[in-house]
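Asks: Quick note: the sequence shown uses the UniProt record's numbering, first residue 1, plus one each step.
Just so you know, even glycine gets a beta-carbon here, dropped at the ideal spot from N, CA and C.
Note that the structure is predicted; figures quoted are calculated from it, not measured.
This structure is in structure tokens; I'll ask about it shortly.
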Amino acid sequence: MNGENHSVVSEFFLLGLTSSWEIQIFLFLFFTVFYVASMLGNILIMLAIISDHRLHSPMYFLLANLSFIDTGVSSIATPKMVYDLFRKHKVISLKGCITQMFFIHTVGGTEMVLLIVMACDRYIAICKPLHYLNIMSLRTCISFTAVAWTIGLIHSVAQLAFVVNLPFCGPNKMDSFYCDFPRFIKLACIDTYRLEFLVTANSGFISMGTFFILIVSYIFILVTVRKHSSGGSSKALSTLTAHITVVVFFFGPCIIVYVWPFPTLPIDKFLAIFDTLITPFMNPVIYTFRNKDMKVAMRKLFLRAFSIRQNSFSPSPKKFRFILTILGN
1 MNGENHSVVS EFFLLGLTSS WEIQIFLFLF FTVFYVASML GNILIMLAII
51 SDHRLHSPMY FLLANLSFID TGVSSIATPK MVYDLFRKHK VISLKGCITQ
101 MFFIHTVGGT EMVLLIVMAC DRYIAICKPL HYLNIMSLRT CISFTAVAWT
151 IGLIHSVAQL AFVVNLPFCG PNKMDSFYCD FPRFIKLACI DTYRLEFLVT
201 ANSGFISMGT FFILIVSYIF ILVTVRKHSS GGSSKALSTL TAHITVVVFF
251 FGPCIIVYVW PFPTLPIDKF LAIFDTLITP FMNPVIYTFR NKDMKVAMRK
301 LFLRAFSIRQ NSFSPSPKKF RFILTILGN
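Below is the structure:
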């Protein structure tokens, strides 16, 4: 290439998930419910942490940032996916495709680094509790968060540098519901074998390396926890279990999509849905219903909202009874 983009293709047709009307209706309801629940759940976690001074600690600061990232993960591809379900021609422009890939890999890379930071936070809290507040100060947490976003941005820009000048002269049909590098590269009109390897290795090795680091660190922390028998250790074990569950949910699909050497397109589509929709939905569930402090904070948030609405509109208390009962268990 001469550094110029000689593309004659200005847009791509996304083949989507299915052409069956019945399945499309089911998927529309499924995606809408999970997307709304994911957004509300993550926003509620952020509001609960901000409003409750008892949650103004490093662990919950990082959790609030994870929830913020998950709102981005949910919103990059899901709204267009829902919008395209009933469209005969599912189209995305070349610039729109590149923009979507940029944000997907920026927030994905940021979340990977943030999960490592959260593992470090738990290691320090359990293995060096007397020095925890000195090491994990607010300034340190902000610095770690800034580093996570910087690494995510660098990772995404490095990926785009490989593909931004690729020429596209047809075909322009992408068998997916969103843009991602592997399928995007295959549509270029040049030999892209080495480029596919580089891009896949970039995301695949980062996913595998980060996953390996996290698993080793959590094994080390779990071994340390097992040496204690106090109630605090039980609480730490519960928190670690939640973190490990999030790690498995997040990295499982990434590793299969980018590292698995055999073509598994139907499975890839399912894993893409899992990664962009189910995982951001599961994070609030895992961290809320497995964490007593979060349940208390969420209950207070609902009570406060109910009190404000009652003073303004005097609604029936039954509207909030079911939610408060769940959070109180």
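Please classify Ile-206 as buried or exposed, where buried requires at least 16 other C-beta atoms within 10 Å of its C-beta.
Replies: To locate residue 206, count along the sequence shown from 1; it is residue 206. Label assigned to Ile-206: buried.
Asks: Does the beta-carbon of His-155 have 16 or more other beta-carbons within 10 angstroms, so that it is buried, or is it exposed?
Replies: For the purposes of this step, residue 155 is taken as residue 155 along the sequence shown, with counting starting at 1. Counting Cβ neighbours within 10 Å, His-155 comes out buried, since at least 16 surround it.
Asks: At which residue ranges does the stretch 117-146 contain complete alpha helix (DSSP H) runs of 4 or more residues, listed in the order of the chain?
Replies: Counting whole runs of 4 or more residues, the stretch 117-146 contains the alpha helix (DSSP H) stretches 132-135.
Asks: So the candidates are Ser-51, Ala-48, Lys-88; which of them puts its Cα closest to the Cα of Thr-18?
Replies: The count along the sequence shown starts at 1 and reaches residue 18 at position 18. Closest by alpha carbon: Lys-88.
Asks: For the pair the stretch 32-44 and the stretch 78-93, tell me if three or more CB-CB distances fall below 8 Å.
Replies: Yes: the two stretches touch, three or more of their Cβ pairs being nearer than 8 Å.
Asks: Can you tell me the Cβ-Cβ gap for Leu-115 and Val-247, rounded? I've got them flagged as a contact below 8 Å.
Replies: Walking along the sequence shown from the start, residue 115 turns up at place 115. Walking along the sequence shown from the start, residue 247 turns up at place 247. Confirmed, about 6 Å.
Asks: DSSP three-state call for Phe-102: helix, strand or coil?
Replies: Residue numbering aside, residue 102 sits at position 102 when the sequence shown is read from its first letter. Note: Phe-102 maps to helix in three-state DSSP.
Asks: Decide if Tyr-258 is buried, meaning its Cβ has at least 16 other Cβ atoms within 10 Å, or exposed.
Replies: Against the sequence shown, residue 258 aligns to sequence position 258. Its Cβ being crowded by 16 or more others within 10 Å, Tyr-258 is buried.
Asks: Look up Phe-13 in the DSSP assignment and say whether it is helix, strand or coil.
Replies: As a working mapping, residue 13 is identified with position 13 in the sequence shown. In the structure shown, Phe-13 sits in a strand (DSSP, three-state: E or B).
Asks: Excluding sequence positions up to five away, which residues of its chain have a Cβ less than 7 Å from the Cβ of Asp-191?
Replies: Locating residue 191 in the sequence shown gives position 191, where the first residue counts as 1. Cβ neighbours of Asp-191 beyond the five flanking positions: none.
Asks: Got a sec? Which residues, its chain only, sit under 6 Å from Ile-49 by beta carbon, not counting five neighbours each side?
Replies: Position 49 of the sequence shown holds residue 49. Excluding positions up to five away in sequence, the list reads Leu-55, Tyr-60, Ala-64.
Asks: Among the candidates Met-112, Phe-30, Thr-78, whose CA atom is the shortest distance from the CA of Leu-62?
Replies: Numbered from its first residue, the sequence shown carries residue 62 at position 62. With distances taken between Cα atoms, Leu-62 lies closest to Met-112.
Asks: Could you check which residue in Thr-71, Phe-212, Ile-25 has the C-alpha nearest to that of Phe-281?
Replies: For the purposes of this step, residue 281 is identified with residue 281 of the sequence shown, where counting begins at 1. Phe-281 has its Cα closest to that of Thr-71, out of Thr-71, Phe-212, Ile-25.
Asks: So, are the CB atoms of Asn-172 and Leu-187 less than 8 Å apart?
Replies: Here residue 172 refers to the residue found at position 172 of the sequence shown. Here residue 187 refers to the residue found at position 187 of the sequence shown. Yes, the Cβ-Cβ distance between Asn-172 and Leu-187 is below 8 Å.
Asks: Could you tell me which residues DSSP pairs with Ser-93 in its beta bridges?
Replies: By 1-based counting over the sequence shown, the position of residue 93 is 93. Ser-93 pairs with Glu-11.
Asks: Determine the contact status of Phe-177 and Gly-16, defining contact as a CB-CB distance below 8 Å.
Replies: Against the sequence shown, residue 177 aligns to sequence position 177. Against the sequence shown, residue 16 aligns to sequence position 16. Yes, the pair counts as a contact, with Cβ atoms nearer than the cut-off.
Asks: By Cβ distance below 8 Å, which residues in the same chain neighbour Ile-267 in space, the five residues on each side in sequence not counted?
Replies: Translated into the one-based positions of the sequence shown, residue 267 becomes position 267. Once the five neighbours on either side are set aside, the close Cβ partners of Ile-267 are Ile-256.
Asks: Helix, strand or coil for Phe-262, going by three-state DSSP, please let me know.
Replies: Translated into positions along the sequence shown, residue 262 becomes position 262. In this predicted model, Phe-262 has a pLDDT of only 49, less than 50, meaning its place in the structure is not dependable; the value taken from the coordinates is given anyway. Correct three-state label for Phe-262: coil.
Asks: Among Cys-141, Thr-241, Ala-148, Leu-301, which residue has its Cα nearest to the Cα of Thr-210?
Replies: Residue 210 sits at position 210 when you count from the first residue of the sequence shown. Ranking Cys-141, Thr-241, Ala-148, Leu-301 by Cα distance to Thr-210 puts Ala-148 first.
Asks: Got a sec, what are the start and stop residues for the alpha helix (DSSP H) Val-164 sits in?
Replies: By one-based count along the sequence shown, residue 164 stands at place 164. Segment: none, Val-164 is in no alpha helix (DSSP H) and carries neither H nor E.
Asks: Alpha carbon to alpha carbon, how far is Phe-262 from Thr-276?
Replies: To locate residue 262, count along the sequence shown from 1; it is residue 262. To locate residue 276, count along the sequence shown from 1; it is residue 276. Bear in mind that the predicted position of Phe-262 carries a pLDDT of just 49, short of 50, making it unreliable; the figure below should be weighed with that in mind. Roughly 22 Å between the two C-alpha positions.
Asks: Here's a check: name, in chain order, each residue in its chain whose Cβ is nearer than 8 Å to the Cβ of Leu-138, leaving out the five neighbours to either side.
Replies: Counted from its first residue, the sequence shown places residue 138 at position 138. Here the set comprises Pro-58, Phe-61.
Asks: Which of the three DSSP states is assigned to Met-1 in this structure?
Replies: Indexing the sequence shown from 1 puts residue 1 at position 1. Any reading at Met-1 must be qualified, since the residue scores a pLDDT of 43, below 50, and its modelled position is unreliable; no value is offered.
Asks: Count the other C-beta atoms from every protein chain shown that fall within 10 angstroms of the C-beta of His-243, then say buried if there are 16 or more, exposed otherwise.
Replies: Taking the first residue of the sequence shown as position 1, residue 243 is located at position 243. Its Cβ being crowded by 16 or more others within 10 Å, His-243 is buried.
Asks: For the alpha helix (DSSP H) containing residue 330, name the first residue and the last one.
Replies: A query on residue 330 cannot be resolved here, the shown segment of the chain reaching from 1 to 329 and no further.
Asks: Check for me: the alpha helix (DSSP H) holding Trp-41 runs from which residue to which?
Replies: Here residue 41 refers to the residue found at position 41 of the sequence shown. According to the sequence shown, residue 41 is Gly rather than Trp. Note, Gly-41: alpha helix (DSSP H), 21-51.
Asks: Quick check: the Cα distance between Cys-127 and Cys-169, rounded to an integer number of angstroms?
Replies: Residue numbering aside, residue 127 sits at position 127 when the sequence shown is read from its first letter. Residue numbering aside, residue 169 sits at position 169 when the sequence shown is read from its first letter. C-alpha separation (whole angstroms): 57 Å.
Asks: Quick one: what does DSSP say Lys-80 is sitting in, helix, strand or coil?
Replies: Reading the sequence shown from its first residue, position 80 is the one you call residue 80. Residue state, collapsed to three classes: helix.
Asks: Under a three-way DSSP split, which group does Thr-18 fall into?
Replies: Locating residue 18 in the sequence shown gives position 18, counting from the first residue. Note: Thr-18 maps to coil in three-state DSSP.
Asks: Express the C-alpha separation of Phe-197 and Pro-182 in angstroms, rounding to a whole number.
Replies: Mapped onto the sequence shown, residue 182 falls at position 182. Mapped onto the sequence shown, residue 197 falls at position 197. Their Cα atoms are separated by approximately 9 Å.
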